[in-house]
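Trainee: Numbering (the working numbering), first residue to last: 0 to 101.
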Amino acid sequence: MKVKVFSLARYTEEALKRAIYSQDENGVVLAKVPKASGFFAQGDNFEEARENLREVIEGNVLLALQLGLEIPHIDGVEVEERLVSPAGMVETPRLQAKRSLW
Numbered sequence: 000m001k002v003k004v005f006s007l008a009r010y011t012e013e014a015l016k017r018a019i020y021s022q023d024e025n026g027v028v029l030a031k032v033p034k035a036s037g038f039f040a041q042g043d044n045f046e047e048a049r050e051n052l053r054e055v056i057e058g059n060v061l062l063a064l065q066l067g068l069e070i071p072h073i074d075g076v077e078v079e080e081r082l083v084s085p086a087g088m089v090e091t092p093r094l095q096a097k098r099s100l101w
């Protein structure tokens with residue numbers, strides 16, 4: 000079975016760096032990540048819009064992973080696919096190195 004391996008925190012931070020913010024006629028701050036479908040939020044101010052966007056990104060990514068869907072590509076973040084070993088562990092280079100010592 001293949002699994003996706005990446006840092007959700009890094010993915011989220013890189014997505015937030017690319018976010019575009021604007022203000023509508025009512026003063027509501029809108030936030031979106033270009034080229035990332037579903038990554039948009041709003042708030043009463045910049046900080047609230049950014050925090051809401053962070054929650055949207057994390058929630059959408061986790062839901063996509065649970066459903067087996069692709070997650071939007073974010074420059075600077077590598078999403079690797081790895082095979083799960085029979086014991087249910089992800090084969091990482093560190094684990095492979097430890098096995099070679101046994």
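By construction, the Cβ of each residue, glycine as well, lies at the ideal position given by its N, Cα and C atoms. On a predicted model such as this, the values are computed, not experimentally measured, just so you know.
1. When the Cα of Lys16 is compared with those of Ala8, Val2, Asp23, which residue comes out closest?
2. In angstroms with no decimal places, state the Cα-to-Cα distance between Arg53 and Ser84.
3. Please list the terminal residues of the continuous alpha helix (DSSP H) segment that includes Leu66.
4. Quick check for students: name the residue ranges of the alpha helix (DSSP H) that lie wholly in the segment 15 to 46, counting only runs of 4 or more.
5. Return the chain-ordered list of same chain residues with a C-beta closer than 8 angstroms to the C-beta of Gly42, the five sequence neighbours on each side being excluded.
6. Report the option in Glu12, Asn44, Val32 whose CA atom is closest to the CA atom of Asp23.
7. So which of Phe5, Glu46, Lys1 has the shortest CA-CA distance to Ile73?
Mentor: Once the coordinates are examined:
1. Ala8
2. 32 angstroms
3. 45 to 66
4. none
5. Val27, Val28, Ala30, Ala48, Arg49, Glu50, Asn51
6. Asn44
7. Phe5
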